Each structure stands twice: as C-alpha cells, then as structure tokens.
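Numbering (this note's numbering), first residue to last: 3 to 436.
A virtual CB, placed ideally from N, CA and C, is assigned to each residue, including glycine.
Only a predicted model underlies this, so the values are computations on that prediction, with no experimental measurement involved.
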Ligand code: V47
Ligand code: SF4
C-alpha cells in the first residue's frame, strides 16, 4: 500500500498523522480519531485515508443495484419532527397502495425490491406478509429488502407477537434483507427533540441483533446534518461497530443527509464537505462493515460520485420512484437510469459492478471504449457518440455474468480486474466473511 503518513507532506492536518499510522498498520481507530476526522480541515487528507481503507476492501470497484423502491403508504401513526413524508389518514395527499399497485411496480428486470413506509393505523400484519408473497410471486428473481426495525417493532405490537416471530414470519413470506432506516441518531437528547414517539437505540439494536441471529442480513443508517453533534455521530457509529463485532450481520452503512423540507429544524443542509467527511469517517471507524453507501438520492449525484473516492463503495441503485426524501424536497431525480449510475461511478474513476441485495456481484462493466467525459477525448473524437448505454459495455460486446459463480463483492478486492473478467475461481460464498 502507498505510504499514507506525512513523509511527503501529503497530510496538512497534523491530527491526521497518528490516524494515518493506524490505518497503515490496520489498527482500529477510536472515538478521538473519529472526532479528529470530522473536525479536520484537510478534506483531501481525510479522503486519502478513507480511500486507502476502501481500496483495501473493494479495490477499484463501486457497486450499484437495479432496484425499485416501494413506499406502500405515507399514513403513519407517528409524527417525527424531521419527517415530511408522513401524513394522517384523511389528509389530501394520503395514499395507500393495494397489492395490485405494488405488484405492478415490481414487474421489471430488477435485482432488489426495497420496501419501507409509514406505520399504518389499521392494516393488519397479515397484509405485510401477503405483500412479500405477492412481490415474490410477481418477480421471483428479485430479492426483497423490506421494513425498518421501527416497522418490525410496530408489527410486533399490532400482531401481539414478539419481534422474533414477526421476523420469522416475514422471512417465511420472502424477506431477504432489511434496510437500515429508523435508527436516526442513537442519542436520547436528539430523540427527545426530534422523534420522541419513536423507539430508542436499545430496541433498534435488539431487532437487528435478532434479525442477524435468524440469518437476515441488515443495513444501518445515521441521519445527520440536523441538531446532532460530532460526538453523537461518532458514538452512533461506534455503537454499530460493537453490534457488528458481535453478530457480523450488517452489510452496509448509509449516512443519510438530512433533507430540510418544510421543517424548521436547521436553516441549511450539511455541506458537501461535511457529507464527504462523514462518509470517510464512517469508512475508517466501521472497519468491520463490508460496505459504505453514498445514497445519491440524499447526497445529490455529484457528491455521491465524489464519495466513491472518500471511502464509499456503493451508490444504492436505480430506485424508480423515491418518495421519502422527495417529500422533503430532495433536489435529485426520483430514480436514475443504469446509464446515469454508470456515469456517476465512472466519473469517480471506479469500475462499476452491478450487485444484488447481498452484494453478490452480478456483472462488471469494464471501461467504456471512449473516455466518459468529453474533455478527456482527443479532438477528432469530440463529436463521436459516447458509448454509454443502458446495456453493459465490454470490448467484446457481451455482459460478464457472474451470478452463477457465487462471487461476492467483497471478494473483488482480491482480484485484478483482468482476472475478474476471465472468471477467476473464488471461494464458495459460505467461506466468505463479510
Ligand atoms: O428511517 C426521513 C430517513 C429513512 C428524512 O438500507 C430522512 O439500503 C433525510 O432508511 N431527510 C428511510 N432522511 C430511508 C432508509 C434507507 C434509504 C436508502 C437505503 C437504505 C438501505 C435505507 O429516511 C427513515 C429516516 O431515517 N428520513 N425523513 C429527511 N427529511
Ligand atoms: Fe412515520 Fe417513519 Fe416518518 Fe417517523 S420517520 S413519521 S415513523 S414515516
């Protein structure tokens, strides 16, 4: 690995030197390191350290998924102060999706269906089980990532059963993985202020621990850019790191940039600088998380693309029709084409890898025949069509299908791109640790 320490004057912030030494030695960072990273004014230095940690895990690759987000209803019994998505039954913009509505939206060539919504006051738990079965029937190929810990807790209460039983029944109905929402920030101070009615850290962690015990892989999020302090951000990450040490069940960590919407909690969103440092800090602190996701919906495409050089290795996916962030006036499209995602990955200098919900690599998209950006092309090529299409591009014209090789994305770092293209042999999935 290239030297990270300050021999060549690469780090402007002396506080990063000790961290660089730890990163080079593969030593675990502590709370003070996390705080120093967030406070540093050396954005490039922080990025360099996080990038080293990222490349050690996933080399030059960055992941995306062909997915569809389904938000079955915006009616919610809670009223979190930061949330512009939730409404009450009878409100003009309240909606409820039928199973037919839902099924209609998943009949596409996608690899993941992501379901998350409000806590509906009258739908029975059986409706959610039926929802998963209907999705599975309509698209047996797509994996189902559904329901935050907050929804699982709610289902347990309405069905008067334990969260474990809820998870077991959902698993039997087709649940593959769980999204990471609902944790917001593990801080009682912030909870009191912004989401008093919602369960706290202990229950969120208990539900994810139970999911992991049942073999359900999950994600974790942090809602940042509102009233939380740097200490609260770092403590949140360290709490997740502890649970991951115990279970190993988390796949991905996703810092969610707060969208201001109509709330008057803060008067401006987190800066791109803060976004990148938060992504980088999470990559460095969460040394046991396989993946860090730069969620383009909330970061904006440009910052998400940059984040792939600041420690992130995943952009989420095509999404189709995002509603939660857009109810809070997110300034991004509601979905992206494969073409646009490939562009965001390639402009960051990464090799795009299409993955499934478990982060198994499905296809690698080698470099396009012409450079992605016009400024990199020679004079004569400026008017030539840029070969960025929705179809994966290879120099020999075919997509490289890796699905049947059981190749998990965390194996990729061990392979050279050329070897990957030739389908080098890899350990069986169950031999891979996240
Ligand atoms: O739990 C609500 C958050 C979450 C706002 O696991 C807001 O792969 C920002 O969890 N500004 C739902 N955030 C979304 C979520 C998610 C998204 C993408 C990928 C994954 C994954 C999970 O959105 C909620 C809440 O924390 N949220 N309102 C807002 N105004
Ligand atoms: Fe309901 Fe979730 Fe919005 Fe809170 S964040 S009001 S639980 S939809």
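(request) Take residue 211 as the anchor and find which of 13, 249, 337, 358 has the nearest alpha-carbon. (result) Along the chain shown, one-based indexing puts residue 211 at 209. Per the Cα distances, 249.
(request) Indicate, with yes or no, if ligand 1 has a heavy atom lying under 7 Å from the CB of residue 73. (result) Locating residue 73 in the chain shown gives position 71, counting from the first residue. False, no ligand heavy atom lies under 7 Å from that Cβ.
(request) Return the CA-CA distance between residue 186 and residue 56, expressed in angstroms with no decimal places. (result) Along the chain shown, read from residue 1 onward, the residue named residue 186 stands at position 184. Along the chain shown, read from residue 1 onward, the residue named residue 56 stands at position 54. When rounded, the distance between both Cα atoms is 24 Å.
(message) With distance defined between alpha-carbon atoms, name the residue in 278, 289, 282, 320 nearest to residue 301.
(response) Taking the chain shown and counting its residues from 1, one reaches residue 301 at position 299. Of the listed residues, the one whose Cα sits closest to residue 301 is 278.
(request) Report yes if the C-beta distance between residue 99 and residue 149 is below 8 Å; otherwise report no. (result) As a position in the chain shown, residue 99 is number 97, starting the count at 1. As a position in the chain shown, residue 149 is number 147, starting the count at 1. Not a contact, by the Cβ cut-off of 8 Å.
(message) Can you give me the C-alpha to C-alpha distance between residue 263 and residue 27, rounded to a whole angstrom?
(response) By 1-based counting over the chain shown, the position of residue 263 is 261. By 1-based counting over the chain shown, the position of residue 27 is 25. Per the coordinates, the alpha-carbon of residue 263 lies some 43 Å from the alpha-carbon of residue 27.
(message) Considering Cα atoms alone, identify which of 299, 346, 315 is closest to residue 254.
(response) Residue numbering aside, residue 254 sits at position 252 when the chain shown is read from its first letter. Checked all of 299, 346, 315; the closest Cα to residue 254 is 315.
(request) Express the C-alpha separation of residue 364 and residue 358 in angstroms, rounding to a whole number. (result) Against the chain shown, residue 358 aligns to sequence position 356. Against the chain shown, residue 364 aligns to sequence position 362. One C-alpha to the other measures close to 7 Å.
(message) Ignoring anything shorter than 3 residues, give me the beta strand (DSSP E) runs that lie fully in the segment 226-253, in order along the chain.
(response) Residue ranges of uninterrupted beta strand (DSSP E) with 3 or more members are absent from the segment 226-253; none lies entirely inside it.
(message) Among the candidates 174, 159, 217, 109, whose CA atom is the shortest distance from the CA of residue 205?
(response) Translated into the one-based positions of the chain shown, residue 205 becomes position 203. Closest option to residue 205, Cα to Cα, is 159.
(message) Could you compute how far the alpha carbon of residue 207 sits from the alpha carbon of residue 245?
(response) What you label residue 207 is simply residue 205 of the chain shown in a count that begins at 1. What you label residue 245 is simply residue 243 of the chain shown in a count that begins at 1. For residue 207 and residue 245, the distance between alpha carbons rounds to 8 Å.
(request) Please state if the CB of residue 307 and the CB of residue 349 are separated by a distance shorter than 8 Å. (result) For the purposes of this step, residue 349 is taken as residue 347 along the chain shown, with counting starting at 1. For the purposes of this step, residue 307 is taken as residue 305 along the chain shown, with counting starting at 1. A contact, by the Cβ cut-off of 8 Å.
(request) Any chance you could list the beta strand (DSSP E) runs of at least 3 consecutive residues sitting entirely within the segment 80-110, in chain order? (result) none
(request) Please report how far the alpha carbon of residue 23 lies from the alpha carbon of residue 326, in whole angstroms. (result) Position 21 of the chain shown, counting from 1, holds the residue named residue 23. Position 324 of the chain shown, counting from 1, holds the residue named residue 326. Roughly 41 Å separates the two Cα atoms.
(request) Assign residue 328 to one of three DSSP states: helix, strand, or coil. (result) Counting from one through the chain shown, the residue named residue 328 turns up at place 326. Three-state result, residue 328: helix.
(request) With DSSP collapsed to three states, give me the class of residue 66. (result) Working through the chain shown from its first residue, we reach residue 66 at position 64. Strand, per DSSP.
(message) Using a Cβ distance threshold of 8 Å, determine whether the segment 63-73 contacts the segment 111-119, with at least three qualifying pairs required.
(response) Touching, yes.
(request) Could you pull the start and end residues of the beta strand (DSSP E) that residue 147 belongs to? (result) Walking along the chain shown from the start, residue 147 turns up at place 145. Looking at the DSSP string, the run of the beta strand (DSSP E) that includes residue 147 is 145-148.
(message) Please state whether the Cβ-Cβ distance between residue 322 and residue 303 is less than 8 Å.
(response) Working through the chain shown from its first residue, we reach residue 322 at position 320. Working through the chain shown from its first residue, we reach residue 303 at position 301. Cβ atoms of residue 322 and residue 303: not closer than 8 Å.
(message) Quick check: is any heavy atom of ligand 1 less than 7 Å from the C-beta of residue 322?
(response) The count along the chain shown starts at 1 and reaches residue 322 at position 320. At a cut-off of 7 Å, the beta-carbon of residue 322 does not count as near ligand 1: no heavy atom of the ligand is closer than that.
(message) Going by DSSP in three states, residue 75 sits in which element: helix, strand or coil?
(response) Here residue 75 corresponds to residue number 73 of the chain shown, with the count starting at 1. Residue 75 falls in the strand class under three-state DSSP.
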